[in-house]
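Below is one structure, written out as structure tokens, with a few remarks after it.
Protein chains in written order, with this note's numbering: chain U, 9 to 267; chain X, 9 to 267.
Following this line, the structure appears as structure tokens:
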């Protein structure tokens, strides 16, 4: 399975511009025969715009999803994207995965809201992160701060996820996440973790870029710098990684009191 | 609290030579006013010597412990060390912490045995890793492979450990542990993790060195290269680390189904 990841400038202003950028990236991903394109958290309508989260949030199946599903179908590439969802009288920091025919494969509401802005804008999700299949591989979905907690990635690995897709909006100054924690999650679970961040500045908030697709040995299969980038990597079969390159085997885990 | 860590050559042959090396390191640690010295896994009688594990293993309070307790007392420095313990009709991959007066502060039997040699030599521990206090700081104790599983460090952090001491014997080729997983454990729990490895070669098995004392921001307070080394670092108060330098706050953790 080939995975594409779009690191987009957070300064990209309107939802229309962002939809255009996704379409261009889907076309490029299709040209490289990627099965899926991963883009950042709250791509629609944007991350650092609390004034817009409630006013622009859309329901599932709304205009954003319809437009993106059509793009995915036209290019024959799946899409995982973050967006502001209106549902159940609340606004959620959500992520959705569309298959290459535009059909919804997974939907998730961020469980670990980060900081005051997010807690003011969004209600925290309570459901388990989803596991879905694309291009014959089982994948899981988390959002940003979720990946910093080992429990959530572990939960997905236990349910058979071979790769975790993580739309994120990680500001500059928090680079320990992409440098240490994302590859550690991959390594400790023996899976792939793809972390799609913004670069650039949105209303005074700088983003660190550094999007990465980390492998089960903790090494980057592909990584972006601090500017806009589309990165693409083939995810080898997990069996291609020698056992000693992977860390703690989940099957080995013993907890105190285990016989 | 000042912490010292001894990276010793695995080629150091006899238990007597190893006891001498610990005494020299305790003297050096005392001169730097360290509260505690951490040394590798199975320092006594050695790691890659399965023929000796059963024949040389000692009970708690045996000659090794008596000798080390006397050294700790003479130098006024605590000691955390790995050793082969005979008890309950079995041999255990154990670690013990002695206080600066030679009194036993903690004892632990490795829960995550690694590989065929260890599983043949030792019975796996079933008890929870201990938390103890030294120099006014709460510390936890794990051994080697244990630290690769996020669950064990998390369990200690939940019980108030500010620092986790990890005697280890990590062969060359597994450097992702000290490079990624040890600092990730520190970062994701907002604590210190000290990982004391061997260097050199013991009966054909090469050790990678790279012992490290990692801080809550994931950065090394001190690190060794690939040769013998004594490293010493002051562990600042956890409150000295700005919140944004530390990763996921344990207090923030929400699991699926949490309200």
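By construction, the Cβ of each residue, glycine as well, lies at the ideal position given by its N, Cα and C atoms.
- Residue 184 of chain X and residue 225 of chain U do touch by the CB rule: their CB atoms are close to 6 Å apart, below 8 Å.
- The beta carbon of residue 211 of chain X sits closer than 8 Å to the beta carbons of 56, 57 from its chain, once the five residues preceding and following it are set aside; these are given in chain order.
- Going by C-alpha positions, residue 30 of chain X is about 18 Å away from residue 66 of chain X.
- Unbroken beta strand (DSSP E) runs of no fewer than 3 residues, entirely contained in the region 143-216 of chain U, are found at 145-149, 171-175, 200-204, 207-210, 213-216, following chain order.
- For residue 147 of chain X, the closest Cβ of chain U is not nearer than 7 Å.
- Near chain X, meaning a CB-to-CB distance below 8 Å, the residues of the region 127-142 of chain U are 132, 134, 135, 136, 137.
- Here residue 226 of chain X carries a coil assignment [DSSP, helix/strand/coil].
- With respect to the 7 Å criterion, residue 93 of chain U and residue 102 of chain U are classified as neighbours on the basis of their beta carbons.
- Residue 124 of chain U is outside the set of residues whose beta carbon lies under 7 Å from a beta carbon in chain X.
- Less than 7 Å separates the beta-carbon of residue 222 of chain U from that of residue 201 of chain U.
- Boundaries of the beta strand (DSSP E) harbouring residue 15 of chain U: 10-15, taken from the DSSP string.
- Looking at the backbone, the Cα of residue 190 of chain U and that of residue 63 of chain X are separated by about 44 Å.
- Residue-level contact check: residue 191 of chain U touches chain X, since one or more beta carbons of chain X fall below 7 Å from its beta carbon.
- Taking C-alpha positions only, residue 50 of chain U is separated from residue 218 of chain U by approximately 17 Å.
- Look at the region 149-176 of chain U: the residues with a C-beta under 8 Å from a C-beta of chain X are 153, 156, 157, 158, 159, 162, 163.
- Taking C-beta separations shorter than 8 Å and ignoring five residues to either side along the sequence, the partners of residue 40 of chain X in its chain run 10, 12, 240, following chain order.
- In the three-state reduction of the DSSP assignment, residue 49 of chain X falls in the coil class, being assigned neither a helical nor a strand state.
- In the same chain as residue 234 of chain X, and ignoring 5 residues on each side of it, the C-beta atoms closer than 6 Å to its own belong to 207, 217, in chain order.
- Per DSSP, reduced to three states, the secondary structure at residue 85 of chain U is coil, with no helix or strand assignment.
- For the region 190-221 of chain U, residues whose beta-carbon sits nearer than 7 Å to a beta-carbon of chain X comprise 191, 192, 195, 196.
- Residue contact check for residue 262 of chain X against chain U: a CB pair falls below 7 Å.
- Burial check for residue 129 of chain U: the Cβ neighbour count within 10 Å reaches 16 or more, so the residue is buried.
- Taking 7 Å as the CB threshold, residue 235 of chain X stays off the interface with chain U.
- Between residue 156 of chain X and the set X/127, X/193, X/124, the nearest pair of CA atoms involves X/193.
- The C-beta of residue 226 of chain U comes closer than 7 Å to at least one C-beta of chain X.
- Setting aside the 5 residues that flank it on each side, residue 180 of chain X is surrounded in the same chain by 214, 215, 216, each with a C-beta closer than 8 Å to its C-beta; the list follows chain order.
- Cβ neighbours of residue 238 of chain U within its own chain (closer than 8 Å, five residues either side excluded): 12, 13, 14, 15, 33, 36, 37.
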